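This report refers to the structure that appears directly beneath it.
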């Protein structure tokens, strides 16, 4: 009998213990403990003010630095901040260009992987930007100077594919640089095709005249 009473008592205590947490009222969250509300979007005017301040800092760096190479990482970080934090400011379009040129022209060795990623982002944001050609020229000059023929070929291949599809060639630069990449990679057949098209469409340009010289070189190499 004593044992039975003890078992009943134990069961009762267990039930009570399980029920107590369910009856406890959750603590009230005071104002100072509530999660912060979603941040208010910064107006374009405020973003422009911040961007002007950051450009002012970049200008100060360039004016005060005795060694430009030493401030390149700081300039890069400030340009990154402008692009990532203030996307609605029109000046961001130019900032992409400035940063890409900084990465491929001034860093030694050039930071081409990041520059190409930025260019891809730029095309996504500004597909019709007039600065696109300026950026492509910067890539072309850098890759040519550093003998990065594979990268030179890759960046201008889309333009060549567009020409094949449409038959339209707006300027000689893209196909000429594509042909230069092919020439230096040893693909003389494709290079020759490209040079001939450049001459046909733009005979009086620098690219057209240089293409004629390249054809003479290819002719000698084939002998």
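Residue numbers (this note's numbering): 5 to 227.
Note that the Cβ used here is the ideal one computed from N, Cα and C, for glycine as well.
Source: prediction; values computed, not measured.
Query: Any 3 or more C-beta pairs closer than 8 angstroms across the region 88-99 and the region 108-123; Result: no
Query: Range covered by the alpha helix (DSSP H) that runs through residue 72; Result: 72-89
Query: Terminal residues of the alpha helix (DSSP H) in which residue 183 lies; Result: 177-188
Query: Reduced DSSP secondary structure (H/G/I, E/B, other) of residue 138; Result: helix
Query: Residue 110: first and last residue of the uninterrupted alpha helix (DSSP H) it sits in; Result: Run containing residue 110: none; DSSP gives neither H nor E here.
Query: Three-way DSSP call (helix, strand, coil) for residue 191 in this model; Result: coil
Query: Continuous alpha helix (DSSP H) stretch holding residue 154: start and end; Result: 153-170
Query: Simplified DSSP assignment, three categories, for residue 173; Result: coil
Query: Which listed residue (132, 219, 115 and 178) has its alpha carbon closest to that of residue 191; Result: 219
Query: Cα-Cα separation, residue 2 to residue 77; Result: Outside the displayed range of the chain (5 to 227) lies residue 2, so it cannot be described from this structure.
Query: Residues near residue 214 in its chain [Cβ-Cβ closer than 8 angstroms; skip 5 each side]; Result: 180
Query: Helix, strand or coil at residue 117 [DSSP, three-state]; Result: helix
Query: Cβ neighbour criterion (16 or more within 10 Å) applied to residue 63; Result: exposed
Query: Close-in-space but distant-in-sequence residues of the same chain around residue 61 (CB under 7 angstroms, 5 per side omitted); Result: 82
Query: Sub-7 angstroms separation of residue 173 and residue 167 beta-carbons; Result: yes
Query: Assumed close pair residue 195, residue 157 - CB separation to whole angstroms, cut-off 8 angstroms; Result: Wrong, their Cβ atoms sit about 11 angstroms apart, outside the cutoff.
Query: Helix, strand or coil at residue 206 [DSSP, three-state]; Result: coil
Query: Range covered by the alpha helix (DSSP H) that runs through residue 48; Result: 48-68
Query: CB-CB length for residue 87 against residue 143, believed under 8 angstroms; Result: Not quite, the Cβ-Cβ distance comes to about 18 angstroms (not below 8 angstroms), so this is no contact.
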